[in-house]
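Note sheet for the following structure.
Protein chains: 2
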Amino acid sequence: MPRTPRSPAPQGPVTLAMVARRAGVSPQTVSNALNSPDLLRPETLERVRRAVDEMGYRPSRAAQALRTRSSKLIGYGIQPTPSGTAAPVMDRFLHALSQAADEAGYRILLFASPPGEPTLEGYEELLGQHEVDGFVLSGTARHDPRQAWLAKKGVPFVGFGRMWSGRQIGDWVDVDGASGTDAAVEHLAALGHRRIAFLGWPRGSGVGDDRAEGWQRAMRRHGLPTRGRRAQSVDDVDAARTAVKPLLDAGATAVVAASDMLALGCYHALRERGAVPGRDVAVVGFDDSPTASILSPALSTVAQPLEAVGRECVRLLLARMTDADAPPERVLLEPSLVVRDSTPGTDAGPDGPKAPTAPDAP
Amino acid sequence: MPRTPRSPAPQGPVTLAMVARRAGVSPQTVSNALNSPDLLRPETLERVRRAVDEMGYRPSRAAQALRTRSSKLIGYGIQPTPSGTAAPVMDRFLHALSQAADEAGYRILLFASPPGEPTLEGYEELLGQHEVDGFVLSGTARHDPRQAWLAKKGVPFVGFGRMWSGRQIGDWVDVDGASGTDAAVEHLAALGHRRIAFLGWPRGSGVGDDRAEGWQRAMRRHGLPTRGRRAQSVDDVDAARTAVKPLLDAGATAVVAASDMLALGCYHALRERGAVPGRDVAVVGFDDSPTASILSPALSTVAQPLEAVGRECVRLLLARMTDADAPPERVLLEPSLVVRDSTPGTDAGPDGPKAPTAPDAP
DNA sequence: TCTCAGCGTTAGATCGTTCCAAAAACACTA
DNA sequence: TAGTGTTTTTGGAACGATCTAACGCTGAGA
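Chains as they are written, first to last, in full-length UniProt numbering: chain D, 1 to 362; chain P, 1 to 362.
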């Protein structure tokens, strides 16, 4: 293997000073060449640049961090399975976040958060050691102490998920759940459905109530009744299966669920009574979890724009780092409806949206 | 808001020198108190310790990194969805890894890896800037350049997943897939099954062949034929549904699949012919993806010990950092079979393992 | 008696970068 | 030519920790 015979045992990494010596300038000038190139005379800049890539110089992040008091790292506390909102798609979010951060010259630093209610432990430690410049929070809980604590300390942070209780603190990015379920109802109504039920989580969870709200307003807009068309269940398949029964008994021809998990419970309930999801009763889920696409029939669901969420999180966080006193910014992103086989459309027949033959009897 | 009137504007963070002044010792002694406490006289140690927590001192990671040339960070390139091996459980692995790292005083630094074949880009950048002390690799591909490249540079790394082609490079931790499918066969045989089929990925993937191997050897051990009992499909539900048909036609009473996705294809194929998974034909998946537990019937599957994998990854990596020339260490961990409703056991009746009535005809 | 290793601690240098202020180089005008 | 103002470049001092080589003293071994 032919290796370049130059640079005999470089003895450690290339430093700014070495580059400076080679380019015949002072270390400071090299630093300027990299950080404020417009300060240099073009020919000097060129000379320094050449030296930099001839020697393969890369600034040491540790030294930069020490000097500038900024690590260019963003902390993210990863929880095992919050079992709440968008847990099934957390890995996708993490990738999106990483990518957005990378593009801005930042990186994501993971730390393990214990299961259950979010605690301050990890945050405190990372901050004390000046390991990170800011945080991205997710899995915002009801009495989440993190936002207030970070705000009091003046630490930049951004939440994925708004604050549902108390007054708003800090910046956040969230997905408009109501808009998602609204779109689901629109879609179903366009297919001719009128008895559209909602299967949600127990009241009191911000995310769940938001999603219920979208269903409700869309129903009202279409002049459709909502009474007796709503049931609730914890995020568990069996519980959902049981909870949805009354809705089916009442003759619902379509069910909008607050999560894919609940939607799956709905599938089971339908099968139990010999009905076929999609054909007999339309079902729409929420989250576009990996499971949704592999079910049979594939589940129509509301997908969160995770890439956009990641981008916005990073954008807001950087803005907050730049100006700590800027007014808080809150971004609400539109989810998108992914139509699959559980809400069959017009391609089932040439005669337009077919009104499903409502099986009133179980 | 009542604030403590003490410490009037501490003006930046508490440093070693401040603690030293307060404790009436030199900075180095404070450093020793923290890093090699046994060097100090007990009373001095006590005095320094008191000063440390009175002032709430935390060493600056940036300064430590600069001086010790070690960032205490472990790099992990996160890919969107390698769609290969254990993709569905990557978030659990990440949490396990983070936790194990935290306990060892390290943290995980994420960087976004582009989809598809792993590239060296991100690794090169992190290394050049001395951002990380080592890497954890996952999603080892067939012609993966990363191991050889890192090894040549003398960078500590550990792979989650062994190397399937070429010669072994470096340390790795992996899960014994063969042992998992072997256990699945054992379990099925104990239930009375004899016509146990295998639905795997196309030959040539190391992970897939490994899982096939376990099935095969267990079958041989029981004197059961394997010819005509094996099919293959890419990791896609529909493809799997098609691929498994001949096996069912041939009268298989149980199917061991190389992934939960394939197992689900099997569910669909069974339903298509009016059979019920678990009751008519037993199915075992692999990976214990979130989907497995919520299917109906819930899918028996082989679970990877991700917490243990995370721990071992960190352990091997630290060992490698300590001694770069130690002989490579490879750890093969045992997966565990999670029995659910798709392989109903003896509780179906009091008369021991019941031989399923084999529905030879479709 | 003399040397020397060991005790717990310390002064001083060092890691690689950026900030600050001042020096040097340059371009004009008077 | 000197004077003025504007780039362009530089030396020196941090940033906050750890490493090395001692400090002055005691007691064991030659």
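A virtual CB, placed ideally from N, CA and C, is assigned to each residue, including glycine.
When the options are compared against residue i, the one with the closest alpha-carbon
i: arginine 203(D); options: Leu224(D), Val52(D), Arg227(D) and Gln232(D); result: Gln232(D)
i: aspartate 341(P); options: Val155(P), Glu307(P), Ala326(P) and Val276(P); result: Val276(P)
i: glycine 56(P); options: Asp176(D), Ala254(D), Lys153(D) and Gly128(D); result: Gly128(D)
i: proline 115(D); options: Gln79(D), Ala250(D), Ile108(D) and Arg279(D); result: Gln79(D)
i: glutamate 186(P); options: Gly206(P), Val255(P), Ala141(P) and Leu126(P); result: Val255(P)
i: glycine 64(D); options: Thr15(D), Ala326(D) and Arg230(D); result: The residue you asked about is not glycine; residue 64(D) is glutamine in the sequence shown. The residue with the shortest Cα to Cα distance from glutamine 64(D) is Thr15(D).
i: asparagine 35(D); options: Arg49(D), Arg22(D) and Ala23(D); result: Arg49(D)
i: glutamate 312(P); options: Val136(P), Ala269(P) and Glu125(P); result: Val136(P)
i: leucine 191(D); options: Ala112(D), Asp238(D) and Val281(D); result: Val281(D)
i: leucine 332(D); options: Pro297(D), Ala258(D), Gly180(D) and Ala184(D); result: Gly180(D)
i: valine 323(P); options: Asp174(P), Gln28(P) and Gly154(P); result: According to the sequence displayed, residue 323(P) carries aspartate and not valine. Considering only alpha carbons, the answer is Gly154(P).
i: glycine 122(P); options: Leu120(D), Asp102(D) and Val132(D); result: Asp102(D)
i: histidine 143(D); options: Met321(D), Met163(D), Ala239(D) and Glu334(D); result: Met163(D)
i: alanine 239(D); options: Ala303(D), Leu199(D), Ala308(D) and Arg320(D); result: Leu199(D)
i: alanine 243(D); options: Pro225(D), Trp201(D), Asp182(D) and Tyr76(D); result: Trp201(D)
i: valine 237(P); options: Ser296(P), Ala20(P) and Ala257(P); result: Ala257(P)
Cβ distance (whole Å) where residue i is taken to contact residue j below 8 Å
i: glycine 310(D); j: alanine 100(D); result: 4 Å
i: glycine 134(P); j: leucine 317(P); result: 5 Å
i: serine 138(D); j: alanine 112(P); result: The pair is not a contact, with the Cβ atoms about 17 Å apart (cut-off 8 Å).
i: alanine 308(P); j: alanine 319(P); result: In fact, because the Cβ distance is near 16 Å, the residues do not count as touching under 8 Å.
i: aspartate 235(P); j: leucine 299(P); result: Actually they are not in contact, since the Cβ atoms of aspartate 235(P) and leucine 299(P) sit about 15 Å apart, beyond 8 Å.
i: arginine 230(D); j: alanine 197(D); result: 7 Å
Residue i, DSSP secondary structure in three states
i: isoleucine 294(D); result: helix
i: tyrosine 76(D); result: strand
i: alanine 17(P); result: helix
i: alanine 86(P); result: Note that alanine 86(P) scores a pLDDT of 49, beneath 50, so its modelled location is shaky; the value from the coordinates is reported in the next line. Residue state, collapsed to three classes: coil.
i: arginine 3(P); result: Note on arginine 3(P): pLDDT 34, under 50, position unreliable in the model; the coordinate value appears next. Arginine 3(P): coil per DSSP, three-state reduction.
i: glycine 200(P); result: strand
i: aspartate 210(P); result: helix
i: threonine 301(P); result: strand
i: alanine 100(D); result: helix
i: valine 309(P); result: helix
i: glutamine 216(D); result: helix
i: valine 48(P); result: helix
i: tryptophan 164(P); result: coil
i: alanine 355(D); result: With a pLDDT of only 42 at alanine 355(D), under the threshold of 50, the placement of this residue in the model should not be trusted, and no figure is reported.
i: histidine 187(D); result: helix
i: valine 331(P); result: strand
i: serine 259(P); result: coil
i: alanine 9(D); result: Since pLDDT at alanine 9(D) reaches only 40, below the 50 mark, its modelled position is unreliable, and no value is offered.
i: alanine 148(P); result: helix
i: alanine 324(P); result: coil
i: serine 31(P); result: helix
i: glycine 349(P); result: In this predicted model, glycine 349(P) has a pLDDT of only 36, less than 50, meaning its place in the structure is not dependable; the value taken from the coordinates is given anyway. In the structure shown, glycine 349(P) sits in coil (DSSP, three-state: anything other than H, G, I, E or B).
i: aspartate 235(P); result: coil
i: valine 244(P); result: helix
i: glycine 285(P); result: strand
i: valine 25(P); result: coil
i: arginine 107(P); result: strand
i: proline 42(P); result: helix
i: glycine 192(P); result: coil
i: glycine 180(D); result: helix
For this session: Residues of the stretch 124-137 of chain P with a CB closer than 7 Å to any CB of chain D: list them in chain order, please.
Result: Gly128, Gln129, His130 and Glu131
For this session: Indicate whether the contact test is met: 3 or more Cβ pairs, each with one atom in the stretch 288-300 of chain P and one in the stretch 325-339 of chain P, closer than 8 Å.
Result: yes
Exercise. Is the stretch 36-52 of chain D touching the stretch 68-79 of chain D, taking contact as three or more C-beta pairs under 8 Å?
Worked result: no
Problem set entry | Residues, ordered as in the chain, of the stretch 100-113 of chain D that lie near chain P by beta-carbon distance below 7 Å | Asp102, Arg107, Ile108, Leu109, Leu110, Phe111 and Ala112
Problem set entry | Residues within the stretch 14-45 of chain D neighbouring chain P, beta-carbon criterion of under 9 Å | none
Exercise. Which of the residues in the stretch 229-248 of chain D, read from start to end, lie with their CB under 7 Å from any CB of chain P?
Worked result: Val237
For this session: With 7 Å as the limit, tell me which residues of the stretch 282-315 of chain D have their beta carbon closer than that to any beta carbon of chain P; keep them in chain order.
Result: Pro290, Thr291, Ile294 and Ser296
For this session: Tell me, please, whether the stretch 138-149 of chain P touches the stretch 160-174 of chain P by the rule of three or more beta-carbon pairs shorter than 8 Å.
Result: yes
For this session: Return the residues of the stretch 55-67 of chain D that lie within a Cβ-Cβ distance of less than 8 Å from chain P, sorted by chain order.
Result: Gly56, Arg58, Pro59, Ser60, Arg61, Ala62, Ala63, Ala65 and Leu66
For this session: Can you give me, in chain order, the residues of the stretch 322-338 of chain P that have a beta carbon less than 7 Å from any beta carbon in chain D?
Result: none
Exercise. Which residues, taken in chain order from the stretch 140-172 of chain P, show a beta carbon closer than 7 Å to some beta carbon of chain D?
Worked result: none
Exercise. Between the stretch 263-284 of chain D and chain P, which residues of the former have CB atoms less than 7 Å from a CB of the latter, in chain order?
Worked result: Leu264 and His268
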